[in-house]
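Just so you know, the sequences run in chain order A and B.
For what it's worth, full-length UniProt numbering labels the leading residue of the first sequence as 1, then goes sequentially.
For what it's worth, full-length UniProt numbering labels the leading residue of the second sequence as 1, then goes sequentially.
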Amino acid sequence: MSQLRLINPKVQNIRALELDTLVRKAVRIEEELKQGLKKPYNEVINVSRCNPHATGVKPLSFFRQVIATCSYPTLIEGDTMPLDVRERAKTLLGECSGGSIGSYSFWPGLPHLQRSISKFISHRDGGVPAPPDNIFVVGGSHQALKLLLSILVDGSRSPPAGLLVPVPWKTTSVTNMEAVGGVAVPYYLDGQQGWRLRVEELRGALLSAVGACHPVALYVSNPGDPTGHVQSRESMEEIIRFVFEEKLFLLADEVHQEIVIGEGCKFISYKKVLAEMGAPFSDTVELASLHSVSQGFMGEGGLRGGYMELVNMDPSVMKSFYVVLCQLNVSILGQMALNGMLNPPKPGDPSHALYEEEIQHIRSTMIHNVTRAMKVLNSLPGISCKPIGGGAYMLPRLHLPHGAIQQAKEEGRLPDCFYCSRLLEQTGLCVCPGVDLGLPEGTHHIRFSIMTSMDTMEEVLRRLSTFHKRFMKDFS
Amino acid sequence: MAATWMQRISPGKARLLTGGRGDAAFVCTVGVQRQPVSVAHHPASVAHHPATLTAPHRAVHSLSSSSSSRLHRFFSPPPSRALSSGPVSAPEEKMSDNVRVSPWAKVLTIDTMNPTVKKVEYAVRGPIVQRAVQIEKELREGVKKPFDEVIKANIGDAHAMGQQPITFFRQVLALCSYPELLNDNTFPEDAKSRARRILQSCGGSSLGSYSASQGIDCVLQDVARYIERRDGGVPCNPDNIYLTTGASDGIMTMLKLLVCGEDEGRTGVMISIPQYPLYSAALAELGAVQINYYLNEEKCWSMDISELQRSLEEARTHCNPRAICIINPGNPTGQVQSRECIEDVIRFAAKERLLLMADEVYQDNVYAEGCQFHSFKKVLFEMGPEYSDSVELVSFHSTSKCYMGECGFRGGYMEIVNMDPEVKAQLTKLVSVRLCPPVPGQALMDLVERTATLSALAEKAKLTAEILNTVPGISCNPVQGAMYSFPNISIPKAAIEEAAEMDQAPDMFYCMRLLEETGICLVPGSGFGQKDGTYHFRMTILPPMDKLKVLLTKVKEFHEKFTNQYS
């Protein structure tokens with residue numbers, strides 16, 4: 001009957017995630033709780049992906065005050081808001097046509113934003129220049145990735161284009177590739193060595209693609225999502241040499257750059273390493289670097305703001321790309337959050353002390369959360385958990401008893417999905433099964449966000465350990 | 001769950017049900033579970049494409065899986081590369097020589113990039129707008145011009161044109177952004193309670209949390225209730241609402257879902273001419289076939305079924321028409337379709353088995369006397385079960401275009417009607433790839449209510465048509481809705497020839513001259529499509545009354561001067 005029964009095969013080919021099923025179940029449970037159904041817990045905690053504000057992290061006051069003031073400019077008068085907030089709001093409103101944040105922002109965003117981003121990058125990278133013309137304001141890093149893949153991939157071509165993605169992967173790197181008709185080619189990070197990337201593995205992945213697709217780009221995530229690995233300069237140089245030799249476009253997802261907590265770990269951007277490697281690399285390797293307001297201290301995923309910087313992009317491609325980018329209308333509050341991330345209060349500003357306090361609090365919370373999680377998880381039988389250098393997730397490995405694997409099989413499930421599903425049902429805790437991260441079957445993992453308040457993390461660990469102990473006992 | 005799993009491990013069934021490559025990957029994985037790592041290398045590269053999963057391939061897999069899992073790929077003989085002409089150099093080269101200097105060509109060049117992107121054009125922000133931005137810069141730098149400011153009448157940006165935001169919405173937004181303000185007694189109680197309701201629906205009571213990809217639950221419910229009120233009680237299920245990033249995101253998503261097939265089986269989509277260029281851009285990007293049907297300018301841009309039939313039949317010779325898009329009230333043409341016309345279109349869609357895509361973003365902007373907005377949903381349901389049980393309809397709305405005029409927030413929704421449940425599941429999966437629409441925009445969508453006084457717009461619409469119609473060589477249909485006029489302009493032959501020499505469409509030439517001489521920025525009709533030999537421009541009617549009068553007088557003077565100069 002339906003005219004629509006026949007749909008775009010690219011859409012059909014986007015993989016269905018186990019996590020989506022779990023989250024739907026979590027929503028159902030929440031509804032049941034609301035209706036007064038009795039459960040051994042009174043709320044669902046969803047730490048399956050990093051959604052800091054939803055798990056108890058407080059938004060940074062300064063930015064929220066600026067956004068509120070821009071939304072309702074009456075607040076510029078009076079003294080409800082601190083002086084620097086009111087001044088910032090005035091400046092930002094001055095940049096909006098008609099002085100209203102309800103105006104279309106002419107692409108590529110608020111006029112000064114590109115320049116702010118350029119300054120921010122250049123400052124971060126120790127002076128490496130970042131021409132504003134190469135910087136584009138986007139509605140989050142996923143939109144940037146989608147746009148880049150849409151020009152990199154000719155979906156009608158056979159064999160299809162390939163994107164090298166790390167395993168464990170960030171699901172959206174794979175689903176976005178599938179949505180444009182491309183194929184994800186996995187390369188495996190070394191779980192035994194803190195998820196380090198080895199170039200031999202990249203070469204192997206390239207070979208595995210032979211005949212099935214033709215790889216056009218390499219996707220890297222640093223600090224690693226979901227591994228928490230922070231790449232060393234040497235490793236990044238190797239990768240840059242690799243993409244140079246193999247002629248691949250380099251997509252660097254650097255959205256977690258603010259959160260680096262491991263001892264001796266330091267975030268260095270691909271842009272900086274590339275620039276410092278000099279010719280022939282620095283003037284040939286095509287690089288897109290992505291950053292957003294969704295992660296890090298801001299954690300404002302709901303506002304959908306971010307930027308991408310393009311390096312060494314062919315000018316004629318740029319020209320075509322402009323037309324696509326012209327149609328973007330990035331949410332104004334996303335742009336304002338971005339402005340905030342790039343220009344936090346300076347020492348001496350009325351909001352500076354509070355801002356510093358809030359940032360420090362988030363940082364020490366993260367360190368606390370990781371330390372606690374390591375301690376609790378490693379004390380449990382059948383779980384091993386490695387320290388992380390940064391990023392937003394813990395990715396413990398489960399060593400499930402044979403009985404559990406057998407039971408999962410009988411129920412027609414993959415073992416880690418079986419585990420996560422029971423965990424959700426019995427304790428109201430939602431975590432992401434390793435299978436969604438591309439992790440090979442036979443190894444079992446779960447991923448959960450560490451960007452939570454300390455209280456939430458304690459509760460997460462309490463539910464997880466209680467469940468896990470019972471689970472191990474039940475199946476051994 | 002168990003059932004799904006069983007279907008998955010039966011390759012034949014899996015194909016029939018969803019045909020997804022994800023399922024094929026599972027099939028492959030299950031088949032050789034003992035060597036998980038090696039097999040897992042393959043899902044992406046081979047098993048993702050069931051078509052390429054030929055018997056010899058399988059053999060290679062099972063052989064290789066018996067060797068060391070991490071290394072097997074190095075030992076498998078590298079088959080010759082299927083696509084040696086691609087940007088990646090041949091594998092033999094790679095293996096033999098690790099330190100090589102690559103040729104200097106880029107990975108991404110105009111020849112290797114996705115060709116459909118090259119076809120995308122977007123008139124509303126085309127060369128005229130780029131020039132306008134440049135002129136503004138020149139003015140700031142002190143360059144002398146016959147005018148002191150650029151008037152951007154090309155885009156319907158209500159707030160940039162001086163329309164005041166609605167206080168209540170902005171209060172709610174401020175409260176949601178910075179909930180400490182809930183303790184501030186200068187905010188009214190109704191704004192506070194609305195803000196509380198929205199925040200309760202957000203994760204951790206923060207607008208900064210990702211929402212569910214379909215949208216915030218309470219907003220979905222409120223939108224559904226809003227639609228029910230609008231449609232005089234026709235029921236609306238919140239589960240059929242998808243919140244979007246402005247209407248364009250919804251339109252793009254639906255088109256993406258729809259497009260398939262090759263050659264003569266390629267999906268075709270009927271769009272009105274003149275059209276809003278979002279449609280042509282989206283169809284070009286998706287590689288779908290654009291099917292033009294012309295609106296009848298003589299009858300105030302109405303839709304003729306005979307014209308729909310003509311364009312459909314012509315298209316059936318070279319593609320597979322599957323959907324028809326209607327913009328009502330019209331953009332750029334400003335007409336409001338009558339109820340009879342909508343019924344005719346619904347009957348046409350039912351007869352020809354087309355998906356109806358109703359772009360109703362201007363539904364709250366209907367102001368001409370005797371005109372009324374009828375939603376496709378309402379008319380469809382009032383036509384009885386013969387139609388309301390089967391015709392597939394998607395309607396789009398946004399916060400940008402209604403009286404709210406909040407373009408910057410990028411809020412919108414689409415409502416789907418009669419969609420196949422399996423297709424709906426695919427749609428849900430597709431929207432989840434982009435995580436969620438901006439949450440503040442979703443919050444604004446929650447505040448949709450029709451309370452606006454449109455009298456000012458009605459007056460401006462009337463004035464615009466009146467003044468333009470006094471100019472010899474300009475004729476303007478009455479502006480009934482939306483926020484644009486789309487007058488027909490006659491351009492002298494000499495001007496057309498000069499434009500041709502410059503490789504410009506005549507109305508582009510006209511608008512460019514207008515911009516250079518008066519600072520007024522309009523969009524040429526050629527950017528929207530129009531009948532051959534006719535020329536138009538689109539002008540928003542949003543500027544404040546005094547500014548609008550100046551604008552119209554300037555256009556009038558320019559047109560007279562231009563006509564004189566070239567005849």
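Beta carbons are placed, not taken as given, at the ideal position from N, Cα and C, and that holds for glycine.
### Query
When the Cα of A:L310 is compared with those of A:H256, A:V330, A:L152, A:L287, which residue comes out closest?
A:L287
### Query
Hey, would you say B:I305 sits closer than 7 Å to B:G529, going by beta carbons?
no
### Query
Candidates A:G340, A:V293, A:D133: which alpha carbon is nearest A:Q143's?
A:V293
### Task
Identify whether A:G204 lies in helix, strand or coil by the three-state DSSP scheme.
helix
### Query
With 16 other CB atoms within 10 Å as the buried threshold, where does A:K272 fall?
It is buried - the Cβ of A:K272 has at least 16 other Cβ atoms within 10 Å.
### Message
Let's see if you can read the secondary structure: which residues bound the alpha helix (DSSP H) around B:M252?
### Response
246 to 258
### Message
Classify B:D503: buried if its beta carbon has 16 or more other beta carbons within 10 angstroms, exposed otherwise.
### Response
exposed
### Query
From the DSSP output, which residues share a beta bridge with B:Y226?
Beta-bridge pairing links B:Y226 to no other residue.
#### Entry: Whether A:T91 touches A:M81 by CB criterion (7 Å)
no
### Query
Is A:M308 helix, strand or coil when you go by DSSP?
strand
### Query
According to the neighbour-count rule (16 or more other Cβ atoms, all chains shown, within 10 Å of its Cβ), is B:Q335 buried or exposed?
buried
### Query
Which residues in the same chain have their Cβ closer than 7 Å to the Cβ of A:I117, if we skip the five residues on either side of it in sequence?
I135, Y307, L342
#### Entry: First through last residue of the alpha helix (DSSP H) which encompasses B:I496
493 to 501
### Task
With 7 Å as the C-beta to C-beta threshold (strictly closer), list the residues of the stretch 413 to 427 of chain B near chain A in chain order.
M419, D420, V423, Q426
### Query
To the nearest angstrom, how far is it from the Cα of B:P440 to the Cα of A:G301?
11 Å
### Task
Answer with yes or no whether the minimum CB distance from B:G250 to chain A is below 7 Å.
no
### Message
So, for A:I405: in the same chain, excluding its five sequence neighbours on each side, which residues have a beta-carbon less than 7 Å away from its beta-carbon?
### Response
P415
### Query
At least one CB of chain A closer than 7 Å to the CB of B:G441: is that the case?
yes
#### Entry: Nearest to A:D125 (by Cα), restricted to the options A:E459, A:D455, A:S289
A:S289
#### Entry: Backbone CA spacing between A:V296 and A:D474 [nearest angstrom]
For clarity, residue 296 of chain A is Gly in the given sequence; the question names Val instead. Roughly 39 Å between the two C-alpha positions.
### Task
Below 8 Å on the Cβ atoms is my guess for A:P159 versus A:Y187; work out the distance and round it to an integer in Å.
About 18 Å; that fails the 8 Å criterion.
### Query
Which residues in the same chain as B:M252 place their Cβ atom closer than 7 Å to its Cβ, once the five residues preceding and following it in sequence are excluded?
A282
### Message
Going by the DSSP bridge assignment, what does B:I474 pair with across the sheet?
### Response
B:I489
### Task
Say whether the stretch 206 to 219 of chain B touches the stretch 426 to 445 of chain B, bearing in mind that this needs 3 or more beta-carbon pairs closer than 8 Å, one atom from each stretch.
Cβ pair count under 8 Å is three or more, so yes.
### Task
Check the Cβ-Cβ distances between B:T109 and every residue of chain A, and say whether any is below 7 Å.
yes
### Query
Where does the unbroken alpha helix (DSSP H) through B:T464 begin, and where does it stop?
455 to 469
### Query
By Cβ distance below 7 Å, which residues in the same chain neighbour B:G261 in space, the five residues on each side in sequence not counted?
T267, N320
### Query
Using a Cβ-Cβ distance under 7 Å, would B:M113 count as near chain A?
yes
### Query
Which partner residues does A:R196 have in the DSSP bridge list?
A:D190
### Query
With a cut-off of 8 Å, do at least 3 Cβ pairs link the stretch 244 to 254 of chain A to the stretch 214 to 231 of chain A?
yes
### Task
In angstroms with no decimal places, state the Cα-to-Cα distance between B:A315 and B:Q426.
27 Å
### Query
Which one of B:C300, B:P238, B:L312, B:Q363 has the shortest CA to CA distance from B:T289?
The sequence shown places Val at residue 289 of chain B, rather than the Thr named in the question. Between B:V289 and the set B:C300, B:P238, B:L312, B:Q363, the nearest pair of CA atoms involves B:L312.
### Task
Would you verify that the beta carbon of A:P59 is, or is not, closer than 7 Å to some beta carbon of chain B?
yes
### Query
Shorter than 7 Å from the beta carbon of A:Q65 to some beta carbon of chain B?
For A:Q65, at least one C-beta of chain B is nearer than 7 Å to its own C-beta.
### Query
A:V185 and A:L152: beta carbons closer than 7 Å?
Between A:V185 and A:L152, the CB-CB gap reaches or exceeds 7 Å.
### Query
Could you give the uninterrupted runs of the beta strand (DSSP E) lying entirely in the stretch 280 to 366 of chain A, keeping only those of 3 residues or more?
287 to 292, 306 to 311
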